[in-house]
Amino acid sequence: MFNPDPSKKPVSTKLPKDVIMMVEKNNLVMAIKTLAADENISMDEAKTRIDAYETALKVKQHQQLTSIASKQGIPNSAISSDREVANEDTAPLQKQRVKSTPPESGFKSLQRGVDSKLDDIGYKKPLLPYWAKRLLIIAVVMLGLFWILWRIFG
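The working numbering puts the sequence shown at residues 152 to 305.
Below, the structure is given as structure tokens:
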């Protein structure tokens, strides 16, 4: 992929649109490979060109962000992209104890949560659940059929 004769094909400093799209989508490996294959240059040279484009893009975005922030009255320190944590001397949070729930209360707490959510939205539970209605209808139909068959053949 090394270009032995640089005078054969002039190398343009501008990147192709498909490579620019790959860089903007952070698909850098594919962008490097595509640029190297399209322009018949080495991977290192393609990487340096893409890195230069990427830094120029970041500088341009930062300048736009700074101009927007200055128009809105936001200080530049509030929008710096390489901010670090303000309080470095604070110790990391540590968990003192682990709260565990017994396995029996897990389902009950879930059921209470669902019931409270249904109460919040104003849902009223039916007197008989759907499956009980279905079983009741099946039992009534079977009793009716047995009664009819008993009257006919009995």
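Cβ atoms here follow ideal geometry from the backbone N, Cα and C, with glycine treated the same way.
Problem - Residue range of the unbroken alpha helix (DSSP H) whose run includes Ala-229 - result: From DSSP, Ala-229 is part of no alpha helix (DSSP H); its letter is neither H nor E.
Problem - Outcome for Arg-190 when other beta-carbon atoms lying within 10 angstroms are tallied against a minimum of 16 - result: Here residue 190 turns out to be Glu, not Arg, going by the sequence shown. Buried, since its Cβ has 16 or more Cβ neighbours within 10 Å.
Exercise for the section: Within the same chain, show all residues whose beta-carbon is closer than 7 Å to that of Met-172, passing over the 5 residues directly before and after it, in chain order. Expected result: none
Handout entry: Backbone secondary structure at Gly-264 - three-state DSSP
Key = helix
Exercise for the section: Decide if Tyr-281 is buried, meaning its Cβ has at least 16 other Cβ atoms within 10 Å, or exposed. Expected result: exposed
Problem - C-beta contact flag for Asp-192 and Val-174 at 8 Å - result: Correcting the residue identity first, residue 192 is Ile in this sequence and not Asp. No. Outside cutoff.
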